[in-house]
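**Student:** What follows is a single structure, and I will ask about it in a moment.
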Amino acid sequence: MRIPFVDLKQQYREIKTELQQAIEGVLEGGMFVGGETVEWFEEEFAEYCGVRFAVGAGSGTEALHLALLACGVGNGHEVITVPHTFIATAEAITLTGAKPVFVDIDPQTYTIDAAQIEDAITERTKAIIPVHLYGQPAYMEPMLALAERNKLLVIEDAAQAHGAVYKGKKVGGFGAAGCFSFYPTKNLGAYGDGGAVVTDDEEIAQRVMMLRDHGSKQKYRHDIEGLTSRLDTLQAAILRVKLRHVDRWNQQRRDRASLYDALLEDAEGVVCPTVREGCAHVYHLYVIRTTERDRLREHLRRVGILTGIHYPIPLHLQPAYGYLGIAEGAYPVTEQIAKEILSLPMYPELSREDLEAVAREIKGFVA
Ligand SMILES: Cc1ncc(COP(=O)(O)O)c(C=O)c1O
0 MRIPFVDLKQ QYREIKTELQ QAIEGVLEGG MFVGGETVEW FEEEFAEYCG VRFAVGAGSG
60 TEALHLALLA CGVGNGHEVI TVPHTFIATA EAITLTGAKP VFVDIDPQTY TIDAAQIEDA
120 ITERTKAIIP VHLYGQPAYM EPMLALAERN KLLVIEDAAQ AHGAVYKGKK VGGFGAAGCF
180 SFYPTKNLGA YGDGGAVVTD DEEIAQRVMM LRDHGSKQKY RHDIEGLTSR LDTLQAAILR
240 VKLRHVDRWN QQRRDRASLY DALLEDAEGV VCPTVREGCA HVYHLYVIRT TERDRLREHL
300 RRVGILTGIH YPIPLHLQPA YGYLGIAEGA YPVTEQIAKE ILSLPMYPEL SREDLEAVAR
360 EIKGFVA
């Protein structure tokens, strides 16, 4: 048996003709950075997210970095986020010169514990970055109200949550800006790096547009300093094709998640994901918890089932953040779940037989 953690080849085969036409169009057109293909994708992605603007970027990390810069975050500021996320969320903060301040997560949904945000606010706090982790929307209402009361910006890290819905509205459109990654394995993935900032605020969109291209609106005139962080034309062409399929793929992910839920319901000591009420989770990852995580993972590996851990070391305990001087024990929920979480194979094309085999092996192991 060999069940991969993700398989991008099946998806490629399914839409090969559409992709080849789109790629050929770019190659024939001879425009590889910018151009109308990027603009078309930006318009279509904005419409998909239900916002006025989308601005392509070089990666999800850069989308966060550019959004923070465009919102005026920089030296001397603090930005609140979670220690249970991919390092990019915090890196984007430090790239601006600001300092990440962590708040623990909620043990049911693994997203920011909104009740703990207030205590982390200081006079230097400028923004909050909730992470819609694994494809599950973070708890937005109390955070948005708190942000408004304290004049803080909310910048959503939606890198894992394309198409996820919170109470009738897609994530990315709640805060001042929403940031997406198009890393190949994401729910909407390019064939290389890519990202986007989405926003309803024209000024933020304009600033991101300038910052991603050396602070320039007009060639060789630089109103501000920026950087190179654009979405490649080829990636935009690929993403335009894939955007037409993403809702169906998200539904396929949800169907597979429901099947895992049903099959693992009676697996002793295994906790399946909880979906926040009124939300549509898009299962970028299907993450279970068990105190037997490491032994279970090894068992699955031995029988040919590949899994992941997202993420094994909380950010405050990473060597890179040693300078923050945060001791173990500071964020107990994050620290506990980092020892227990296991991401099971999850992708839209995962077959029923493979999924049943994964569940069978887990149940056999824990029994
Ligand atoms: C939660 C989160 N934020 C940010 C990023 C950064 O995206 P990218 O890899 O496109 O830079 C990722 C990507 O893995 C992510 O999972």
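With the first letter of the sequence shown counted as 1, position 243 gets the number 242 in numbering that gives the first Met the number 0; the numbers rise by one all the way through.
We put the beta carbon where it would ideally sit given N, CA and C, even for glycine.
Helix, strand or coil for residue 363? Go by DSSP, reduced to three states.
**Tutor:** For the purposes of this step, residue 363 is identified with residue 364 of the sequence shown, where counting begins at 1. Reduced to three states, the DSSP call for residue 363 is helix.
**Student:** Just verifying my parser: in three-state terms, what is the DSSP assignment at residue 58?
**Tutor:** As a working note, residue 58 is residue 59 in the sequence shown. Residue 58: coil per DSSP, three-state reduction.
**Student:** Which one or two residues does DSSP pair with residue 286 in a beta bridge?
**Tutor:** Sequence index remark: in the sequence shown, residue 286 carries index 287 (1-based). Answer is 342, bridged to residue 286.
**Student:** Fully enclosed by the segment 133-204, which beta strand (DSSP E) runs are 3 residues long or longer?
**Tutor:** Taking only runs of at least 3 residues, the beta strand (DSSP E) segments lying wholly in the segment 133-204 are 152-156, 176-180, 194-198.
**Student:** Would you report the Cα separation of residue 348 and residue 255, rounded to the nearest angstrom?
**Tutor:** Locating residue 348 in the sequence shown gives position 349, counting from the first residue. Locating residue 255 in the sequence shown gives position 256, counting from the first residue. Approximately 9 Å, taken between the alpha carbons.
**Student:** Say the cut is 8 Å; is the CB of residue 159 nearer than that to a heavy atom of ligand 1?
**Tutor:** Along the sequence shown, one-based indexing puts residue 159 at 160. Result yes, Cβ under 8 Å from ligand 1.
**Student:** Considering only the alpha carbon of each residue, which of 232, 238, 76, 198 lies closest to residue 188?
**Tutor:** Within the sequence shown, residue 188 is the residue found at index 189, counting from 1. Each of 232, 238, 76, 198 was checked against the Cα of residue 188, and the nearest Cα belongs to 238.
**Student:** Please find out if some non-hydrogen atom of ligand 1 comes closer than 8 Å to the beta-carbon of residue 101.
**Tutor:** Here the question's residue 101 lines up with position 102 in the sequence shown. Not so, every heavy atom of ligand 1 lies at least 8 Å from the Cβ.
**Student:** By the three-class DSSP mapping on this structure, what secondary structure does residue 218 have?
**Tutor:** As a position in the sequence shown, residue 218 is number 219, starting the count at 1. Correct three-state label for residue 218: coil.
**Student:** Specify the secondary structure class of residue 111 as computed by DSSP and reduced to three states.
**Tutor:** The sequence position of residue 111 within the sequence shown is 112, counting from 1. It is a strand residue.
**Student:** Excluding sequence positions up to five away, which residues of its chain have a Cβ less than 8 Å from the Cβ of residue 124?
**Tutor:** Here residue 124 refers to the residue found at position 125 when the sequence shown is read from its first residue. Excluding positions up to five away in sequence, the list reads 76, 77, 78, 79, 100, 149, 151.
**Student:** Does at least one heavy atom of ligand 1 sit under 8 Å from the Cβ of residue 46?
**Tutor:** Position 47 of the sequence shown, counting from 1, holds the residue named residue 46. No, the Cβ of residue 46 stays beyond 8 Å of every heavy atom of ligand 1.
**Student:** For residue 326 and residue 106, I'd like the C-alpha separation in whole angstroms.
**Tutor:** Here residue 326 refers to the residue found at position 327 when the sequence shown is read from its first residue. Here residue 106 refers to the residue found at position 107 when the sequence shown is read from its first residue. Using only the alpha carbons, I get a separation of about 20 Å.
**Student:** Where residue 174 and residue 157 are concerned, what is the direct C-alpha to C-alpha distance, given to the nearest angstrom?
**Tutor:** Numbered from 1 along the sequence shown, position 175 holds the residue referred to as residue 174. Numbered from 1 along the sequence shown, position 158 holds the residue referred to as residue 157. When rounded, the distance between both Cα atoms is 11 Å.
**Student:** Taking a contact to mean a Cβ-Cβ separation below 9 Å, would you say residue 337 touches residue 310 in this structure?
**Tutor:** Locating residue 337 in the sequence shown gives position 338, where the first residue counts as 1. Locating residue 310 in the sequence shown gives position 311, where the first residue counts as 1. Less than 9 Å divides the Cβ of residue 337 from the Cβ of residue 310.
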